[in-house]
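K.L.:
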Amino acid sequence: MRHIRVFRIFLAIMFFVAAVAYLCIGPHAHPMASVSEKSQIILSMITVTIGATVVWLLLTFIFGRIYCSTVCPVGSITDFFARLGRKLPRKKKTFSWKPRTNWGGYILVIYILCLLLGIFSVAFIIEPWNMMRNIASTVRPDAVKESWIALGIGAGTGAIAGIASLLMLIIWSMISGRDFCNNACPIGSALGAVGHSALMHIEIDPDRCTYCGKCEDICSAHCIKVTDRHVDNARCLRCFDCLAVCDDDAIHFQLNQNIPLTPLFRKRSQAR
5 MRHIRVFRIF
15 LAIMFFVAAV
25 AYLCIGPHAH
35 PMASVSEKSQ
45 IILSMITVTI
55 GATVVWLLLT
65 FIFGRIYCST
75 VCPVGSITDF
85 FARLGRKLPR
95 KKKTFSWKPR
105 TNWGGYILVI
115 YILCLLLGIF
125 SVAFIIEPWN
135 MMRNIASTVR
145 PDAVKESWIA
155 LGIGAGTGAI
165 AGIASLLMLI
175 IWSMISGRDF
185 CNNACPIGSA
195 LGAVGHSALM
205 HIEIDPDRCT
215 YCGKCEDICS
225 AHCIKVTDRH
235 VDNARCLRCF
245 DCLAVCDDDA
255 IHFQLNQNIP
265 LTPLFRKRSQ
275 AR
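To convert a position in the sequence shown, counted from 1, into this note's numbering, add 4.
(1) Can you give me the C-alpha to C-alpha distance between residue 36 and residue 223, rounded to a whole angstrom?
(2) Tell whether a beta-carbon distance below 9 Å holds between residue 247 and residue 66.
(3) On the three-state DSSP scale, how would you describe residue 34?
(4) Which one of 71, 152 and 160 has the shortest CA to CA distance from residue 143?
(5) Measuring alpha carbon to alpha carbon, tell me which of 195, 137 and 179 ends up nearest residue 164.
(6) Going by DSSP, which residues form a beta bridge with residue 111?
(7) CA-CA distance, residue 130 and residue 211?
(8) By how many angstroms is the C-alpha of residue 82 removed from the C-alpha of residue 91?
(9) When you compare only the Cα positions, how much space is there between residue 274 and residue 110?
(10) Terminal residues of the continuous beta strand (DSSP E) containing residue 65?
(11) DSSP has residue 229 in a bridge; who is on the other side?
(12) For residue 205, which residues does DSSP report across the bridge?
(13) Check whether the Cβ atoms of residue 54 and residue 63 lie closer than 9 Å to each other.
(14) I'd like the list of long-range same chain contacts for residue 205, defined as Cβ closer than 6 Å, with 5 residues on each side in sequence excluded.
(15) Excluding the 5 residues preceding and the 5 following residue 244 in the sequence, name in chain order all residues of the same chain whose CB lies nearer than 6 Å to its CB.
(16) When you compare the CB positions of residue 75 and residue 15, do they come within less than 9 Å of one another, or not?
(17) Decide if the region 20 to 28 is in contact with the region 253 to 263; the criterion is three or more beta carbon pairs, one per stretch, under 8 Å apart.
(18) Relative to the C-alpha of residue 301, which candidate in 207, 217 and 218 has its C-alpha closest?
(19) Helix or strand or just coil, what does DSSP make of residue 183?
(20) Identify the continuous alpha helix (DSSP H) that holds residue 84 and give its terminal residues.
(21) Does DSSP classify residue 212 as helix, strand or coil?
(22) Does DSSP put residue 157 in a helix, a strand or coil?
(23) Provide the residue span of the alpha helix (DSSP H) that contains residue 240, from first to last.
(24) If we call anything under 9 Å between Cβ atoms a contact, is residue 47 one with residue 119?
(25) Using DSSP with H/G/I as helix, E/B as strand and the rest coil, what is residue 93?
(26) Under the assumption that residue 68 contacts residue 250 (Cβ atoms under 8 Å), give the Cβ distance between them as a whole number of angstroms.
(27) Taking all protein chains shown into account, do 16 or more other C-beta atoms lie within 10 angstroms of the C-beta of residue 171, making it buried, or fewer, making it exposed?
(28) Starting from the Cα of residue 139, find the closest Cα among 26, 17 and 261 and give me that residue.
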């Protein structure tokens, strides 16, 4: 199962490079550059991206939030700096289980209301693809110039928003992993609502798990609680790091649910 993680990282790098090429050079940079833009979920441009949105909702219902771990450029940025954050000296472990909060749902509601009311400036600040456009505008101002002018706001607003977004993503990711994707990103929250009932899910085998805690410690989405052998698939971003780190082959990406064959009370193999 570990090869899934390698394939996921390959896709994430490919789409991220294509997105950077599209936004910093232009759609003529490479055929893949245009594909990266057409593959995004951009609800503020729903009339243009309705096809991609429907496809991603279907894929999320089947596989979970693979959009967040492969195609979303902001997801790739947070993933990179979350990995760097693990190397920081800390008194406590980098990542561990956190209960789900309602912040993501609140922001999603505000985001949808703003779209319905025509307040598109909010979408241009917190929507992942538009965040990436703002970040790219520090290199290529034309990436968002027309959008901000159309809103009656200065063209430099995009660059300011981009710098602020990038700094926020770097700090937040290095401290709390991919919390942004679950607690602030409206697209992530929407996909989480669908991914909660995904057909394919991450599950811990109760008869193989030795409570070593490696999967919980590496989960940047804070969605694994090893003591309960529980994975919150609504928040799981399908990075598959947990599959790669498990030495007992006790955590899988699968269709069926595990039924324990032995009692739940088992001796831990090592201290947390």
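We treat Cβ as the ideally placed atom computed from N, Cα and C, and that holds for glycine.
Since we're looking at a predicted model, the values are computed, not measured.
P.N.:
Per the coordinate set shown:
(1) Roughly 30 Å separates the two Cα atoms.
(2) When the beta-carbon positions are compared, residue 247 and residue 66 stay at least 9 Å from each other.
(3) DSSP, read as helix, strand or coil, puts residue 34 in coil.
(4) Of 71, 152 and 160, the residue nearest in Cα terms is 160.
(5) That would be 137, whose Cα lies nearest to the Cα of residue 164.
(6) Answer by DSSP bridge pairing: none, since residue 111 is not bridged.
(7) Straight-line spacing of the CA atoms in residue 130 and residue 211 works out to 42 Å.
(8) Near 15 Å, if we compare the C-alpha coordinates of residue 82 and residue 91.
(9) Caution applies to residue 274, whose pLDDT of 47 falls short of 50 and renders its modelled position unreliable; the value that the coordinates give is listed next. Approximately 40 Å, taken between the alpha carbons.
(10) Run containing residue 65: none in the beta strand (DSSP E); it sits in the alpha helix (DSSP H), 50 to 67.
(11) Note: residue 229 sits in a beta bridge opposite 234.
(12) Partner residues in the beta bridge of residue 205, as assigned by DSSP, are 258.
(13) In this structure, residue 63 does not lie closer than 9 Å to residue 54 by Cβ.
(14) In chain order, 237 place their CB closer than 6 Å to the CB of residue 205, counting only its own chain and leaving out the 5 sequence neighbours on each side.
(15) Closer than 6 Å at Cβ, skipping near neighbours: 8, 9 and 12.
(16) It is a contact, given that the beta carbons lie within the stated cut-off.
(17) Contact between the region 20 to 28 and the region 253 to 263 is absent: fewer than 3 CB-CB pairs across the two stretches fall below 8 Å.
(18) Here the chain covers residues 5 to 276 and nothing more, so residue 301 does not appear.
(19) Residue 183 falls in the helix class under three-state DSSP.
(20) 77 to 89 is the span of the alpha helix (DSSP H), which, as asked, contains residue 84.
(21) Correct three-state label for residue 212: coil.
(22) Under the three-state reduction of DSSP, residue 157 is assigned to coil, being neither helix nor strand.
(23) It is not in any alpha helix (DSSP H) - residue 240 carries neither H nor E in the DSSP assignment.
(24) It is a contact, given that the beta carbons lie within the stated cut-off.
(25) In the three-state DSSP reduction, residue 93 falls in the coil class, being neither helix nor strand.
(26) Contact annotation, residue 68 with residue 250: C-beta distance approximately 18 Å; criterion of less than 8 Å not satisfied.
(27) Counting the other CB atoms within 10 Å of its CB gives residue 171 a total below 16, which places it among the exposed residues.
(28) Closest option to residue 139, Cα to Cα, is 26.
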